[in-house]
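Colleague:
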Amino acid sequence: MLEEGQIFSITLEEILDNTKNAIIAVDPQGTIFYANRAVFDILKVPESNIIGESITTHFPETGLLRVFENGVAELGQQLKLNDTILLSNRTPIFVQGELVGAVAVFQDITILQNFLDNLVIEHEKTKQLQRTLEVVLNTAYDGLIVVNKQGIVTMTNQAFSSFFDQAPEDMIGKPITEIYDNPKFTDVLVTAQPVHGYIHDLNGHEIIASRVPIVQDGKIVGALGKVVFKDVNELYALTKKVDSLRSELDYYKKTVSQKNSSALELLKGKSPIMSSLIQTSLRVAKSGSTVLLRGESGTGKELFALLLHAQSSRNDGPFIKVNCAAVPENLLESEMFGYDEGAFTGARKGGKIGKFELADGGTLFLDEIGDMEMSMQAKLLRVIQEREVERLGSNKSRKVDVRLVAATNRDLEGMIRDKQFREDLYYRLNVVTLTIPPLRERIDDIEDLIKTFIKKFNLQFAQSVTGITAEAVDVLKKHRWPGNIRELENIIERAFNMVDGTEIQLKHLPNYLQILASHDKRPYMEGSLDNILKEVERDALIFALETANGNKVQAAKSLGLSRAGLYKKLIKHQLHK
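The numbering used here numbers the first residue of the sequence shown as -1 and each following residue consecutively.
(1) What is the rounded straight-line gap between the Cα of D314 and the Cα of A283?
(2) May I have a chain-ordered list of the beta strand (DSSP E) segments no shorter than 3 residues that lie completely inside the region 361 to 391?
(3) Please identify the residue among V225, A468, I40, K532 whose C-alpha is closest to the C-alpha of V210.
(4) Select from N328, E59, F104 the residue whose C-alpha is nearest the C-alpha of S86.
(5) Would you mind sorting I448 into buried or exposed? The rule is 16 or more other CB atoms within 10 Å of its CB.
(6) Just to confirm before moving on: does the CB-CB distance between L390 and F335 stay below 8 angstroms?
(7) What is the rounded straight-line gap between the Cα of A304 and the Cα of V145?
(8) Are there 16 or more other CB atoms within 10 angstroms of the CB of I444, so buried, or fewer, so exposed?
(9) Out of I452, N509, F459, L222, which has the shortest C-alpha to C-alpha gap to H477?
(10) With a floor of 4 residues, list each alpha helix (DSSP H) that falls wholly inside the region 272 to 339, ordered by position along the chain.
(11) May I ask you to report which of helix, strand or coil DSSP gives P521?
(12) Once DSSP output is grouped into helix, strand and coil, what is the label at K532?
(13) In three-state DSSP terms, what is H194?
(14) Kindly provide the ranges of any alpha helix (DSSP H) runs that are 4 or more residues long and lie completely inside the region 135 to 169, ordered along the chain.
(15) Enumerate in chain order the residues of its own chain whose CB-to-CB distance from F451 is below 6 angstroms, with the five nearest sequence positions on each side excluded.
(16) When you compare the CB positions of T467 and I502, do they come within less than 8 angstroms of one another, or not?
(17) Taking Q27 as the reference, give the member of V65, N155, T17, Q572 with the closest Cα.
(18) With a CB to CB cut of under 6 angstroms and the five nearest residues on each side skipped, what residues in its chain are close to Y250?
(19) What are the start and end residues of the alpha helix (DSSP H) that includes Q458?
(20) Please identify the residue among L573, K505, L504 whose C-alpha is closest to the C-alpha of A538.
(21) What residue range does the beta strand (DSSP E) around L84 cover?
(22) Just to confirm my understanding: we take H198, look at its own chain, exclude 5 residues before and 5 after, and list those with CB closer than 7 angstroms. What are they?
(23) DSSP state of F66, grouped into three classes?
(24) Quick check: the Cα distance between N549 and Q458, rounded to an integer number of angstroms?
(25) Is K377 closer than 8 angstroms to R385 when the C-beta atoms are compared?
(26) Take D25 as the anchor and find which of F354, G99, T89 has the nearest alpha-carbon.
(27) Ordered along the chain, which non-local residues of its own chain (more than five positions away) have a Cβ less than 8 angstroms from that of E300?
(28) Could you check if H307 is buried or exposed, using at least 16 other CB atoms within 10 Å of its CB as the buried criterion?
(29) Just checking: is the beta-carbon of D358 within a distance shorter than 8 angstroms of some beta-carbon in chain C?
(30) Cutting at 6 angstroms between CB atoms, please list the residues of its own chain near V186, excluding the five before and the five after it.
(31) Can you give me the Cβ contacts of I271 inside the same chain, cut-off strictly under 8 angstroms, excluding the 5 residues immediately before and after it?
(32) Can you give me the C-alpha to C-alpha distance between Y522 and D369, rounded to a whole angstrom?
(33) Taking the continuous beta strand (DSSP E) assigned at Y178, which residues delimit it?
(34) At a cut of 8 angstroms, does the region 415 to 425 reach the region 275 to 282 through at least three beta carbon pairs?
(35) Check whether the Cβ atoms of I483 and L437 sit closer than 8 angstroms, and answer yes or no.
(36) Helix, strand or coil, according to DSSP, for K268 in the structure here?
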């Protein structure tokens, strides 16, 4: 306790050491000759003697030395040191008119600055939200208007204000009763009951509207009026459109059914081998077992997969196709199993459902299964065994009920020997195997297939082709059909683009088939053996290119030539372009 009249003897240094502001003083060379205790708190180092050290050693970005350049004080300067934001006042020290030093007083404003920064950010967010809301309101088709408890307009949009030939800003702040008589939507301020779909006269327009109370903390603070239809006739038009969409849906349902029937029509034929295969397929379809479809490219493996789905108990479920050769290896896993949001860079927001989940309750058709990489085969095997998938980036498994149908034109047994296909996966897929014959082994079916394609393309091209000449059919039957049914379909479609009457003729077929016909018309070839061989070689080159649709690599392969060898022969016969 101090006795009356007693005072402490306190030095200036003790006073400065107990202030929260940091004070540091330097001579003209930047050497520190004074620092109080708060300086060490800012530097976050134990108290030590820094007297005699350079100011830049501890405050590298200091502007204190600028004071010596012009002898003018710098007030309210910001300085960042580590994670601390400092506000600094820098003042020159004059003794008898001579500049002998400079002193800096620092105040830690980190918390204050962060608060201000957050305030600015929140202010910008609020402004952005307000701008977004204004854009949304004014781009909305529906007319919207909001009033407060007193019936004053607080918000509206262009769609509503246009009923009165005004801009939204002209209406805001006015009592609703000044804008138009009998504003029925304000009844909700009294009743607190929303009403939807009532007819109302709005400034001479018969509209369909809704009124909704705006409730905050259990109290009504305003009301929202919404113009659902600007004219009653819009509702009638919408009703008509819904009826039209229902009819369209019924049409598509019939179309799907017809597509399945069309698939069956394409697969059926006169040849005993196809009749037997169809009967087997119809039996297998009911079982739900995994099926492996084998056959050359273009034989109709996807049609068989559709048939198996359409004739199964899963025909109301989805039919999902994955072409294993068309999807890059690094994308196939996410395509098959899906992924969660953030699973990898570029992942879609919200994630993506994989093909297995999409096919749940239906059929998953894995086309070109022989082109799947070994690493992916292992993952597919696990899903088949466990009947559950795990999305990329997720640790949660999802059960799936999927019927698998796989297809390939590859020699899987040879690939197993070459360690290119997993034997365990092969046995999982090879529960029931259906081998589809190439078209050259079912020549008797060509005429029926042509009729089916003519029917299809008559609808597609809105034409009335009645048939095909016997001469053209004869040439088609003599063709070796490397592209099978797909090639035949393409030939008939091409003919539809060329035909100028009601009948497909030989001249409407591709050049390589016309060449085949011209050879058949010649009982022998005239000239020397060398000329005959040259003519045959030229025709063979044209035939190979036509068959391969101009793909020189494929044409060279079919002729047993290297690419360079093919080019030499094309130049020789002046067929190069």
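Glycine included, each C-beta is placed from N, C-alpha and C at the ideal position. Values in this document were obtained by computation on a predicted structure and should not be read as measured data.
Modeller: In short, the structure shows the following:
(1) If I take the Cα positions, the gap works out to 14 angstroms.
(2) Counting only runs of 3 or more, we get 361 to 365, 386 to 388.
(3) Of the listed residues, the one whose Cα sits closest to V210 is V225.
(4) When only C-alpha atoms are compared, the closest one is F104.
(5) Burial is judged here by how many other beta carbons sit within 10 angstroms of a residue's own beta carbon; I448 has at least 16 and is buried.
(6) Against a cut-off of 8 angstroms, the Cβ pair of F335 and L390 comes out as a contact.
(7) According to the sequence shown, residue 304 is Leu rather than Ala. Linking L304 to V145 through their CA atoms gives a straight-line distance of about 59 angstroms.
(8) With 16 or more other Cβ atoms from the protein chains shown falling within 10 Å of its own Cβ, I444 counts as buried.
(9) If we check each option's Cα against that of H477, N509 comes out closest.
(10) The qualifying runs are 299 to 308, 327 to 335.
(11) The predicted model places P521 with a pLDDT of 43, which falls under 50 and marks its position as unreliable, so this point remains unresolved.
(12) DSSP places K532 within a helical segment (H, G or I) once states are collapsed to three.
(13) Correct three-state label for H194: strand.
(14) Listed in chain order, they are 156 to 159, 166 to 169.
(15) Apart from the 5 residues on each side of it in sequence, F451 sits with its Cβ closer than 6 angstroms to the Cβ of E487, I490 in its chain, given in chain order.
(16) One thing to note: T467 has its Cβ within 8 angstroms of the Cβ of I502.
(17) Selected option, being the one with the closest Cα: V65.
(18) Any reading at Y250 must be qualified, since the residue scores a pLDDT of 46, below 50, and its modelled position is unreliable; the value itself is stated next. Within the same chain, no Cβ atom closer than 6 angstroms to the Cβ of Y250 is found once the five residues on either side in sequence are excluded.
(19) Per DSSP, Q458 belongs to the alpha helix (DSSP H) from 444 to 459.
(20) The alpha carbon of A538 has as its nearest neighbour, out of L573, K505, L504, the alpha carbon of L573.
(21) L84: member of the beta strand (DSSP E) spanning 82 to 93, first to last residue.
(22) Within the same chain, H198 has close Cβ partners K182, I205, A207.
(23) Of the three classes helix, strand and coil, the one that applies to F66 here is helix, per DSSP.
(24) If I take the Cα positions, the gap works out to 28 angstroms.
(25) Against a cut-off of 8 angstroms, the Cβ pair of K377 and R385 comes out as no contact.
(26) Ranking the options by Cα distance to D25, first place goes to G99.
(27) Around E300: K319, F363, D365, A405.
(28) A residue is called buried when at least 16 other Cβ atoms come within 10 angstroms of its Cβ; H307 meets this threshold and is buried.
(29) Here there is only one protein chain, and chain C is not present.
(30) So the list reads R209, P211, A221, once near-sequence residues are dropped.
(31) Non-local beta-carbon contacts of I271 in its own chain, meaning distances under 8 angstroms to residues more than five positions away in sequence, involve P435, E439, R440 in chain order.
(32) Any reading at Y522 is ruled out, since the residue's pLDDT is 41, under 50, leaving its predicted position unreliable.
(33) Secondary structure note for Y178: it is in no beta strand (DSSP E), with a DSSP letter that is neither H nor E.
(34) Result no; under three Cβ-Cβ pairs closer than 8 angstroms.
(35) Their beta carbons are under 8 angstroms apart, which means I483 touches L437 by this criterion.
(36) Three-state result, K268: coil.
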